[in-house]
Each structure stands twice: as structure tokens, then as C-alpha cells.
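Trainee: Got a structure here, written out as C-alpha cells. Questions coming.
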Amino acid sequence: MRTTFHFLLITLLLAGRAGAAEQQRQVQDKSPKTDVAALLKIQHDVQKLLPKVRPALVAIQTGGGTASGVIISADGLLLTAAHVPNGPGKDMRVILEDGTVTTAKSLGLDKTTDAALARLKDRGKPWPFVNLSREVAKAQPGEWCFALGHPGGFDKARGPVLRVGKIIKQTANSLHSDCVLMGGDSGGPLFNFDGEVIGIHSQIWEGRDQNVHVSMAPFLRSWEAMQKSQVIKTWGIGAGGYLGVATVMNDSLDLEVADVIEGSPALKAGIRAGDVILSVNGDAMTDQQQFSATVRSRAAGDTLKLKLRTHGKERDVSVQLAQKPQEEGQ
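Going by my numbering, the sequence shown opens with residue 5, and the numbers climb by one from there.
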């Protein structure tokens, strides 16, 4: 078993190295290549950390689907992705590493960044847990990281699945890595090499560089509100302009309108919760960050042409951005 683990880990690392080398060739990066000694050290570090962090990983079953999560306190606070419970007060079936089944109730969530907090049912003794990183800025491109999760659901014989890679990109609320994610990983943890959670798996794509994790920034920023089971929404606001929608990545990984503010340009244009946003001004929309950036780049008075899909039918909508109301915040 140990030999198999060594082989798997070295294979993953060399695959990551090959991908990194290809990127280096494309940009003519002359920085030194990772050598075998460095890879062996990474393998040693991961092997040392894995037994410490793995007991805090959980599998989640809710709504007929499977996902993952991670325990971050002895009293059972749990981080996952917002699209897993999709609302506060939801009961979720949780499976621990040893196969023990318990329940958790979702607390608050941030539908825009896909961050969610839940609490495990009290069991009368401390839960295994890991620490989260409070130094968000340290998760910079080029840093090594590793992902854990339960792709395909809980499998006691197989155990959790490990992916080792590097951070590729950092945004205000997310991290992109080349740790390849699969269905069932959503809500699982991304770790730094101090064994701290730096991200929660959010969006799963086919490309090696398109694996998106919620960073700790939204969790730390909205901690008290999420503990109070509040739903946090960040409205689409342009550079002086105002649209008035909150979006969420749904179970099909479509960009879906979660809510529309009363009296907003979006509402007046006929945009409603449940609409899927396909494109803006002809540009396909694939995630929340892209949509927010597109809206932010426009000023009050500018017109956005949105292609929407509702109940399988597509339609075009034109929206003129307005001035942001003084009373509206995030």
C-alpha cells in the first residue's frame, strides 16, 4: 500500500511538473526547473501532513448528490461550498473518514463567492479539525498546495483522493490551482504546506488551470454573519453603474440569477431569479468572477445585452445600467 502511494504521488507530481514545464516554455520562462530532490521533499511533506488533516475531511450527501467539506473547530464548525446546501437551515448527511455517519445543519452562506458554513450535530466529545489560514495574501501563484475530497462520493475502501499541485492565480475571493477536481469534490479543502485550509473547492472544469476554490477571504469577512445563518449577496454593480442581480453557480455549473433587487434595472428589463446568464454583449459567461468584472467595467447609462436561458428557452435582454442607489450595499 505504501509503495502504491509513493508511485501515485510521484506520478501526480511529475504530471504537475510536466504541465508547469509546458507553461514555462510557452511564456519563455527561464526560471530553474523543479528537480527530483525538491519533488521528493514535497512528497515527504505531504506524507507527513496527510494523517493530520485527513480525519477532518468529510463526505456530504444532500439532495441526492454528493459533496465534501472540512471540519475547522472542535465543536463541529464545517466549511463547504454554498451550492452544496444552497440555503441556511438545511440538514445534510455527513460521513467521517472511518465511515461514521452523522448530520450537520447549514448555517449562513455567501451565494456570490460560493462560501458556506455548517455545524455538525453535537456528539459530546471534540471533533477532529484543521486550522484555516488567516493570511490570505500568502496563497500566491507558484506556491505548492494539495487538495482532498470525495469524488464520486464516500468510498471507505478507496479513502479520500489526494491531488498535489500549485496555485496558478489568486483573485479577491478565489484561488485557481492545477489540482484537478472531479464531481463530489465540491466543498472539500485545499491545503497549504502548513496543513492549513486555504481554499474550498467551488468550480470544476476540464482544464488543468481552471480549478477554482473559494479563498478564505469571504469566510473571514463574513464569519459573524454566516454564524447567524445569514445569506450574503453581492450585487452586480458597475463603475458608477448599477444592475441589481445576485448570481450563483448552480449544480449544472451554469451562471444562474439567484435574486433580483426590487426596482433595479435588471428587474425592469425582465430578468428573474432562475434565469441562466449565457453571455453579455456577445461574450460567453462561464463564472461569477467573469460576470462581475464585465459589469464593473461599465458605467451608469451603458447598455448591457444579455442572452438568457429560462426553462430551456433562450432570449435576449437589453439593460441600461443606472446610478447605484445610496441605500444599497452588498
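Glycine included, each C-beta is placed from N, C-alpha and C at the ideal position.
Measure the alpha-carbon distance for L136 versus V201 and round it to whole angstroms.
Mentor: Position 132 of the sequence shown, counted from the start, is the residue given in the question as residue 136. Position 197 of the sequence shown, counted from the start, is the residue given in the question as residue 201. About 4 Å.
Trainee: Tell me the DSSP secondary structure of P193 in three-state form.
Mentor: Numbered from 1 along the sequence shown, position 189 holds the residue referred to as residue 193. Looking at P193 - three-state DSSP - the assignment turns out to be strand.
Trainee: Starting from T325, follow the alpha helix (DSSP H) in both directions and report where the run begins and ends.
Mentor: Indexing the sequence shown from 1 puts residue 325 at position 321. Sequence inspection shows Leu at residue 325; the Thr mentioned does not correspond to that position. Where L325 is concerned, there is no enclosing alpha helix (DSSP H), given that its DSSP letter is neither H nor E.
Trainee: Give, in chain order, every unbroken run of the alpha helix (DSSP H) that is at least 4 residues long and sits entirely within the region 247 to 329.
Mentor: Runs of the alpha helix (DSSP H) spanning 4 or more residues and lying entirely within the region 247 to 329 occur at 269 to 272 and 292 to 300, in chain order.
Trainee: Curious, which full-length beta strand (DSSP E) runs of at least 3 residues does the region 129 to 173 contain?
Mentor: 148 to 153
Trainee: With a CB to CB cut of under 8 Å and the five nearest residues on each side skipped, what residues in its chain are close to M253?
Mentor: Translated into positions along the sequence shown, residue 253 becomes position 249. Close CB contacts of M253 within its chain, under the 8 Å cut and outside five residues either way in sequence, are with H87, D118, S206, Q207, L259, E260, D291 and Q292 (chain order).
Trainee: Pull up the CB-CB distance for I64 and G191, whole angstroms please, since I reckon it's below 8 Å.
Mentor: In the sequence shown, the residue the question calls residue 64 occupies position 60. In the sequence shown, the residue the question calls residue 191 occupies position 187. Contact holds; Cβ gap of about 6 Å.
Trainee: Compute the Euclidean distance between the alpha carbons of K129 and I99, then round it to the nearest angstrom.
Mentor: In the sequence shown, counting from the first residue as 1, residue 129 sits at position 125. In the sequence shown, counting from the first residue as 1, residue 99 sits at position 95. K129 and I99: Cα-Cα distance of roughly 17 Å.
Trainee: Taking 8 Å as the cut-off, does the region 263 to 279 touch the region 144 to 157 (at least 3 CB pairs, one atom from each stretch)?
Mentor: no
Trainee: Over the uninterrupted alpha helix (DSSP H) stretch that includes M220, give me the two end residues.
Mentor: Position 216 of the sequence shown, counted from the first residue, corresponds to residue 220. Segment M220 to R225, the alpha helix (DSSP H) holding M220.
Trainee: Does DSSP classify V184 as helix, strand or coil?
Mentor: Position 180 of the sequence shown, counted from the first residue, corresponds to residue 184. Looking at V184 - three-state DSSP - the assignment turns out to be coil, as it is neither helix nor strand.
Trainee: Excluding sequence positions up to five away, which residues of its chain have a Cβ less than 6 Å from the Cβ of L194?
Mentor: In the sequence shown, counting from the first residue as 1, residue 194 sits at position 190. Counting only Cβ-Cβ distances below 6 Å, and skipping sequence neighbours, we find C149, A151, I202, G203 and H217.
Trainee: Is it true that the CB of A273 sits closer than 8 Å to the CB of V235?
Mentor: Along the sequence shown, read from residue 1 onward, the residue named residue 235 stands at position 231. Along the sequence shown, read from residue 1 onward, the residue named residue 273 stands at position 269. Contact flag unset, no.
Trainee: Look at the alpha carbon of V323 and the alpha carbon of L310, and state the distance between them as a whole number of angstroms.
Mentor: Position 319 of the sequence shown, counting from 1, holds the residue named residue 323. Position 306 of the sequence shown, counting from 1, holds the residue named residue 310. Each residue's Cα considered, the two are about 8 Å apart.
Trainee: With a threshold of 16 other CB atoms inside 10 Å of the CB of G187, please say whether the residue is buried or exposed.
Mentor: Stepping through the sequence shown from its first residue, residue 187 is reached at position 183. Under this definition G187 is an exposed residue.
Trainee: Pull up the CB-CB distance for I275 and T251, whole angstroms please, since I reckon it's below 8 Å.
Mentor: Counting from 1 along the sequence shown, the entry for residue 275 is found at position 271. Counting from 1 along the sequence shown, the entry for residue 251 is found at position 247. I275 to T251, Cβ: 11 Å. No contact.
Trainee: What three-state label does DSSP hand K94 in the structure shown?
Mentor: Translated into positions along the sequence shown, residue 94 becomes position 90. Coil.
Trainee: Output the distance between the C-alpha atoms of A122 and K115, rounded to the nearest integer angstrom.
Mentor: Along the sequence shown, read from residue 1 onward, the residue named residue 122 stands at position 118. Along the sequence shown, read from residue 1 onward, the residue named residue 115 stands at position 111. If I take the Cα positions, the gap works out to 14 Å.
Trainee: Roughly how many whole angstroms lie between the Cα atoms of Q32 and N215?
Mentor: Residue numbering aside, residue 32 sits at position 28 when the sequence shown is read from its first letter. Residue numbering aside, residue 215 sits at position 211 when the sequence shown is read from its first letter. With a pLDDT of 45 at Q32, under the threshold of 50, the predicted position of this residue should be treated as unreliable, and no value is reported.
Trainee: In three-state terms, what does DSSP make of K56?
Mentor: The residue given as residue 56 occupies position 52 in the sequence shown. Looking at K56 - three-state DSSP - the assignment turns out to be helix.
Trainee: Do S233 and G67 count as a contact pair if the criterion is CB distance below 8 Å?
Mentor: For the purposes of this step, residue 67 is taken as residue 63 along the sequence shown, with counting starting at 1. For the purposes of this step, residue 233 is taken as residue 229 along the sequence shown, with counting starting at 1. Contact flag unset, no.
Trainee: Quick one: Cα of G169 to Cα of P269, how far?
Mentor: Here residue 169 refers to the residue found at position 165 when the sequence shown is read from its first residue. Here residue 269 refers to the residue found at position 265 when the sequence shown is read from its first residue. Distance between the alpha carbons of G169 and P269: 43 Å.
Trainee: Based on the DSSP output, what are the partners of G203 in its beta bridges?
Mentor: The residue labelled residue 203 in the question sits at position 199 within the sequence shown. L194 and S219, per the DSSP bridge assignment.
Trainee: Locate the beta strand (DSSP E) running through Q65, then write down its first and last residues.
Mentor: Within the sequence shown, residue 65 is the residue found at index 61, counting from 1. Unbroken beta strand (DSSP E) run through Q65: L61 to T66.
Trainee: What residue range is occupied by the uninterrupted beta strand (DSSP E) comprising A122?
Mentor: Here residue 122 refers to the residue found at position 118 of the sequence shown. That run of the beta strand (DSSP E) goes A119 to L124.
Trainee: Alpha carbon to alpha carbon, how far is S283 from R302?
Mentor: Taking the sequence shown and counting its residues from 1, one reaches residue 283 at position 279. Taking the sequence shown and counting its residues from 1, one reaches residue 302 at position 298. Using only the alpha carbons, I get a separation of about 15 Å.
Trainee: Do you know whose CA, among S181, T307 and E228, lies nearest I171's CA?
Mentor: Within the sequence shown, residue 171 is the residue found at index 167, counting from 1. Minimum Cα distance to I171 is reached at S181.
Trainee: Please look up how many angstroms separate the CB atoms of W131 and A78, rounded, as I've assumed it's under 8 Å.
Mentor: The sequence position of residue 131 within the sequence shown is 127, counting from 1. The sequence position of residue 78 within the sequence shown is 74, counting from 1. Contact annotation, W131 with A78: C-beta distance approximately 6 Å; criterion of less than 8 Å satisfied.
Trainee: Kindly indicate which residue of N196, G316, G93 and V57 has the alpha-carbon position closest to the one of D279.
Mentor: Looking up residue 279 in the sequence shown gives position 275. That would be G316, whose Cα lies nearest to the Cα of D279.
Trainee: Run through DSSP, which three-state label would I99 get?
Mentor: The residue given as residue 99 occupies position 95 in the sequence shown. Here I99 sits in strand by DSSP.
Trainee: May I ask you to report which of helix, strand or coil DSSP gives V40?
Mentor: Here residue 40 is taken as the residue at index 36 of the sequence shown, counted from 1. Of the three classes helix, strand and coil, the one that applies to V40 here is helix, per DSSP.
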